[in-house]
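Chemist: A single structure is presented below for examination.
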């Protein structure tokens, strides 16, 4: 348990990468007393998240958020989960996804252009940073309709605060207070 805690303290993504190298497409760990199964094989992920979602994710009891924060899609249970899913499902219809495609394509073009420029300069490209910026731009663009160029403007206050919000720091319990 101590080893797991110390290794996990390096960051979630580094920990996941090391486990994937060591164990392959599936491994387990404990979050406190709760066993957690990590799956990286796409067909199995689809099966769990689409076909088995209700039975897998609504039979768990969490210590954690209360009040309105407990009503999030990942934390809701039973009828509340069904209600939220029925509200979200139209958002991801084929028509809505087609409407999102120009935004995805626009930021994809920006990403390819930036990568090409770096390669032409003979520089190495940090794929994690590039795809992280791309993901942030697409997500913010499709959800909020806000144009963000986080790859070219990493110091933009919106980008900095979004990164701060999604960066997990195990040793800083006040990370969300700023």
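In my numbering, the protein residues as written are 1 to 178. Cβ coordinates follow ideal geometry from the N, Cα and C atoms, glycine included. Just so we're clear, the structure is a prediction, and the values are computed from it rather than from any experiment.
(1) Classify residue 77 as helix, strand or coil using the three-state DSSP reduction.
(2) Pull up the DSSP beta-bridge partners for residue 34, would you.
(3) For residue 164, which of helix, strand or coil comes out of DSSP?
(4) If I follow the unbroken alpha helix (DSSP H) through residue 114, where does it start and stop?
(5) How would you call residue 165, buried or exposed, if buried means at least 16 neighbouring beta carbons within 10 angstroms?
(6) Quick check on the DSSP output: the alpha helix (DSSP H) that includes residue 13 runs from which residue to which?
(7) So, under 8 angstroms CB-CB, residue 110 and residue 151 are touching, yes? Tell me the CB distance rounded to an integer number of Å.
(8) Quick one: residues in its chain with C-beta nearer than 7 angstroms to the C-beta of residue 133, no 5 flanking neighbours on either side, listed in chain order?
(9) Taking buried to mean at least 16 other C-beta atoms within 10 Å of its own C-beta, is residue 127 buried or exposed?
Modeler: Reading off the structure:
(1) The residue you call residue 77 lines up with position 77 of the chain shown. Coil at residue 77, not helix or strand.
(2) Locating residue 34 in the chain shown gives position 34, counting from the first residue. Its beta-bridge partners are 31.
(3) As a working mapping, residue 164 is identified with position 164 in the chain shown. Of the three classes helix, strand and coil, the one that applies to residue 164 here is helix, per DSSP.
(4) Walking along the chain shown from the start, residue 114 turns up at place 114. Here the alpha helix (DSSP H) through residue 114 covers 94-120.
(5) What you label residue 165 is simply residue 165 of the chain shown in a count that begins at 1. Residue 165 comes out exposed.
(6) Here residue 13 is taken as the residue at index 13 of the chain shown, counted from 1. From DSSP, the alpha helix (DSSP H) with residue 13 extends over 12-23.
(7) Within the chain shown, the letter at position 110 stands for residue 110. Within the chain shown, the letter at position 151 stands for residue 151. The pair is a contact, with the Cβ atoms about 7 angstroms apart (cut-off 8 angstroms).
(8) Translated into the one-based positions of the chain shown, residue 133 becomes position 133. Closer than 7 angstroms at Cβ, skipping near neighbours: 150 and 151.
(9) By 1-based counting over the chain shown, the position of residue 127 is 127. Exposed is the call here.
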